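Numbering (my numbering), first residue to last: 1396 to 1481.
Ideal Cβ positions, reconstructed from N, Cα and C, are used throughout, including at glycine.
Here the structure is a predicted model, which means the values were calculated and not measured.
One structure below.
Spelled out as structure tokens, the structure:
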């Protein structure tokens, strides 16, 4: 599902944020200068990843005119497995 909805960038941002958080904690425990900057970068990456995960929800296409039914339609050329069955 992550690949279909084009969420790889969000996953990479979250993973980089976690790695930066771990690096900031290690730097802080060894009293290395600059741990605050790395911690800030970690927070920025985590927030960016969270916003990228919300992108498909915010820009979903409405399937009916009333707006009651919303469909997350991926922008892929290949049909999904559920579409092949129907």
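Worksheet entry | Short Cβ contact (9 Å threshold) for residue 1406 with residue 1444 | The residue given as residue 1406 occupies position 11 in the chain shown. The residue given as residue 1444 occupies position 49 in the chain shown. With respect to residue 1444, residue 1406 sits close: the two C-beta atoms are nearer than 9 Å.
Discussion item. Between residue 1404 and residue 1447, how many whole angstroms is the CB-CB distance? I'm expecting something under 8 Å.
Written reply: Taking the chain shown and counting its residues from 1, the one referred to as residue 1404 is at position 9. Taking the chain shown and counting its residues from 1, the one referred to as residue 1447 is at position 52. About 6 Å separates the Cβ atoms of residue 1404 and residue 1447, confirming a contact at the 8 Å cut-off.
Worksheet item: Rounded to the nearest angstrom, how far is the Cβ of residue 1437 from that of residue 1416, given a contact under 8 Å?
Response: For this step, residue 1437 is matched to residue 42 along the chain shown. For this step, residue 1416 is matched to residue 21 along the chain shown. Yes, they are in contact, since the Cβ atoms of residue 1437 and residue 1416 sit about 4 Å apart, within 8 Å.
Worksheet item: Within 10 angstroms of its Cβ, does residue 1419 collect 16 or more other Cβ (buried), or is it exposed?
Response: Here residue 1419 is taken as the residue at index 24 of the chain shown, counted from 1. With 16 or more Cβ atoms within 10 Å of its Cβ, residue 1419 is classed as buried.
Discussion item. Quick check on DSSP: helix, strand or coil for residue 1411?
Written reply: Stepping through the chain shown from its first residue, residue 1411 is reached at position 16. Secondary structure at residue 1411: helix, using DSSP grouped into helix, strand and coil.
Fill in: Cβ shell of residue 1408 (< 8 Å), same chain only, five flanking positions each side left out
Within the chain shown, residue 1408 is the residue found at index 13, counting from 1. Only 1440, 1441, 1443, 1444 and 1447 meet the Cβ criterion.
Worksheet item: Do you know how far the Cα of residue 1455 is from the Cα of residue 1410?
Response: Start at 1 with the first residue of the chain shown, and residue 1410 comes out as number 15. Start at 1 with the first residue of the chain shown, and residue 1455 comes out as number 60. So the two alpha carbons sit approximately 25 Å from each other.
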